[in-house]
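Per full-length UniProt numbering, the very first residue in the sequence shown carries number 1; after that it's consecutive.
This report refers to the structure that appears directly beneath it.
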Amino acid sequence: MNSYVEHANISVVDAQKMIQFLTAAIPEWKVRGGGKIDNWFGRPIEWFHVGDDHSYIAISSGGKGDATHWTSHFTGFKHIGIVVPDVEALIERLSKAGYELDHRGDEHPFRKNVYYLEDHGMLFEFIEYFSEKGSERNDYNQ
């Protein structure tokens, strides 16, 4: 078995807004589980795992404020990248759900990518690959 990223854990003000964003982007993702913790370091939180049987995003409520804008110089993640089968269909789904495209990635013969800021200011990249070859998918010279 190869190593892989199973999940990322993020804290937000409104977990339901994040769940709505992720499930609008990726309709096959579901809330895999969730619960409440009455005292998470002095605060009550709700937590949810949103994804599929392979990977997920762990979402915790109880965050304060928005994420630091991705163009700033800060310590932390800049974006989370998620592979999808059809970027244009994703754009249409997110548009219908009220989300605006932040920006597109550079043109590339073997992939297409787009970026969205969700309601807490976190940046998500969605990538569609046009090749199964690692050498083409990971070509950074284009």
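From the three backbone atoms N, C-alpha and C, an ideal C-beta is built for every residue, glycine too.
This one's a predicted model, so the numbers in the text were calculated from it and none came from an experiment.
Cβ separation of residue i and residue j, assumed to be a contact under 8 Å, to the nearest whole Å
| i | j | result |
| --- | --- | --- |
| I59 | I26 | With a Cβ gap of about 14 Å, I59 and I26 do not count as contacting. |
| K64 | W70 | About 19 Å separates the two Cβ atoms, so there is no contact after all. |
| I82 | A8 | Actually they are not in contact, since the Cβ atoms of I82 and A8 sit about 10 Å apart, beyond 8 Å. |
| D52 | E28 | 6 Å |
| Y116 | Y99 | 6 Å |
Per-residue burial, residue i [other beta carbons within 10 Å of its own, 16 or more giving buried]
| i | result |
| --- | --- |
| M18 | buried |
| R43 | exposed |
Residue i, DSSP secondary structure in three states
| i | result |
| --- | --- |
| E128 | strand |
| G65 | coil |
| G35 | strand |
| K96 | helix |
| S135 | helix |
Short Cβ contact (9 Å threshold) for residue i with residue j
| i | j | result |
| --- | --- | --- |
| D14 | D119 | yes |
| T72 | V5 | Per the sequence shown, residue 72 should be read as Ser rather than Thr. Not closer than 9 Å, so no. |
| G33 | F21 | no |
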